[in-house]
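Residue numbers (my numbering): 1142 to 1371. Okay, structure first, notes after.
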Amino acid sequence: MNLTINKSPENPIENTIVNKIEHSKQIISDAVKEYGDKIEVACSFGKDSMVVVHLALQIKPDIRIFSVMTPFKPKETFEYKDKMIQHYNLNLVEYMSKELVDPDLPKTDPNECCRILKVEPTKEAVKGLQAWICGLRNTEGRTRKDYKEIEEKGGLIKVNPILNWTELDIWRYMAINSIPVHPFYARGYRSLGCEPCTTLISDDALEREGRWIGTSKCGGECGIHTQSLK
Ligand code: SF4
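Below, the structure written as structure tokens:
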């Protein structure tokens, strides 16, 4: 049987997962060449982070990775993190705020809670870096439409190598590469964060709409992508 490939302006063959992978790897490779040991990968242990980490390991197997954890992350995220560190022999440093936070703060003042538990530890993590690599994607939610693959804020470069990947691309890449999956995805979650601020949502919704439901932050950002980290 002969296969024919339908190449037309409506069906551009350039827009394939293979080309997206090559493009993302090129971005990471260029960034690593430019910034050497002054660049690290941020990893939350969600699906997008795992794809970026997997891509970056192919460019630099000992690339430095940082992870900001909070006491409100589900125990499954801590277990998955430990499993992935071992599975991929990750060169990872973990950051977690030592500040004691009121258990109600995620509901009463999520901005302050994110500032203490996410933004400040991320500032600590990027101290001394010139650049960081993230798994941010522009189809994830209402607040992620205007990012660029390379950004600069306060003198710190942020590299978003999978910015143009879809949710489907992520799952295809995870499957093709047999990347172990965080158990919460099997329960129907599509975007993972801290337990009090992560809710199951319909498959029709944007991925991040289940974050901070019931607060003014619903579907929004913790602050690490919107604030200057320097
Ligand atoms: S996501 Fe929720 S629990 Fe986690 S730091 Fe932000 S407000 Fe606090």
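Note that CB positions come from ideal geometry on N, CA and C, so glycine has one too. If you're wondering where the values come from, they're calculated on a predicted model, not measured in any experiment.
Per-residue DSSP class, three states only, for residue i
i        : result
Met-1142 : A caution first: Met-1142 carries a pLDDT of 48, below 50, which makes its placement in the model unreliable, though a value can still be read off. Met-1142 falls in the coil class under three-state DSSP.
Arg-1313 : helix
Tyr-1176 : helix
Asn-1232 : strand
Lys-1126 : Residue 1126 falls outside the range modelled here, since the chain spans only 1142 to 1371, and no answer is possible.
Phe-1208 : One point to set straight first is that residue 1208 is Ser, not Phe, in the sequence displayed. In the structure shown, Ser-1208 sits in a strand (DSSP, three-state: E or B).
Leu-1439 : With the chain covering 1142 to 1371 only, the question about residue 1439 has no answer from this structure.
Leu-1304 : coil
Arg-1113 : Given a span of 1142 to 1371 for the chain in the structure shown, any question on residue 1113 remains unanswerable.
Glu-1290 : coil
Thr-1280 : coil
Asp-1188 : What sits at residue 1188 in the sequence shown is Lys, not Asp. In the structure shown, Lys-1188 sits in a helix (DSSP, three-state: H, G or I).
Glu-1155 : coil
Buried versus exposed call for residue i [16 or more other C-beta atoms within 10 Å across all chains shown]
i        : result
Ile-1262 : Here the sequence assigns Pro to residue 1262, which means Ile is not the residue at that position. Buried: at least 16 other Cβ atoms inside 10 Å.
Glu-1350 : buried
Ile-1183 : Ile is not the amino acid found at residue 1183; the sequence shown has Ala there. Its Cβ being crowded by 16 or more others within 10 Å, Ala-1183 is buried.
Thr-1367 : exposed
Gly-1329 : exposed
Ala-1316 : exposed
Lys-1358 : buried
Gly-1355 : exposed
Pro-1251 : buried
Gly-1282 : buried
Gly-1177 : exposed
Ser-1319 : exposed
Cα-Cα separation, residue i to residue j
i        : j        : result
Ser-1170 : Val-1192 : 15 Å
Trp-1353 : Lys-1224 : 27 Å
Ile-1257 : Pro-1247 : 11 Å
Lys-1268 : Ser-1369 : 12 Å
Ala-1272 : His-1164 : 19 Å
His-1166 : Lys-1201 : It is worth fixing the name first, because residue 1166 is Lys in this sequence and not His. Approximately 11 Å between the Cα atoms of the pair.
Ile-1206 : Asn-1232 : 6 Å
Lys-1161 : Glu-1265 : 32 Å
Gly-1361 : Gly-1187 : 16 Å
Ile-1146 : Leu-1297 : Residue placement at Ile-1146 is flagged as unreliable, the pLDDT there being 49, under the threshold of 50; the coordinate-derived value follows with that caveat. Distance between the alpha carbons of Ile-1146 and Leu-1297 is about 43 Å.
Lys-1371 : Thr-1218 : 28 Å
Leu-1309 : Lys-1294 : 30 Å
Ile-1204 : Lys-1179 : 10 Å
Glu-1292 : Asn-1279 : 14 Å
Lys-1214 : Val-1260 : 15 Å
Lys-1174 : Thr-1249 : 44 Å
Thr-1211 : Cys-1335 : 7 Å
| Counting Cβ pairs closer than 8 Å, one from the segment 1323-1341 and one from the segment 1289-1302, do we hit at least three? | no
| Is there contact between the segment 1157-1168 and the segment 1281-1288, where contact requires at least three CB pairs shorter than 8 Å? | When C-beta atoms of the segment 1157-1168 are compared with those of the segment 1281-1288, fewer than three pairs fall below 8 Å, so the two segments do not count as touching.
| said: Under 8 Å, with one C-beta from each stretch per pair, do the segment 1193-1201 and the segment 1239-1255 reach the 3-pair mark? | reply: no
| query | For the 8 Å Cβ check, are there 3 or more pairs between the segment 1229-1237 and the segment 1325-1344? | reply | no
| task | For the ligand SF4, list every residue whose C-beta falls under 7 Å from any of its heavy atoms, going in chain order. | result | Thr-1211, Phe-1213, Leu-1246, Pro-1247, Pro-1251, Cys-1254, Cys-1255, Leu-1258, Lys-1259, Gly-1334, Cys-1335, Pro-1337, Cys-1338, Trp-1353 and Cys-1363
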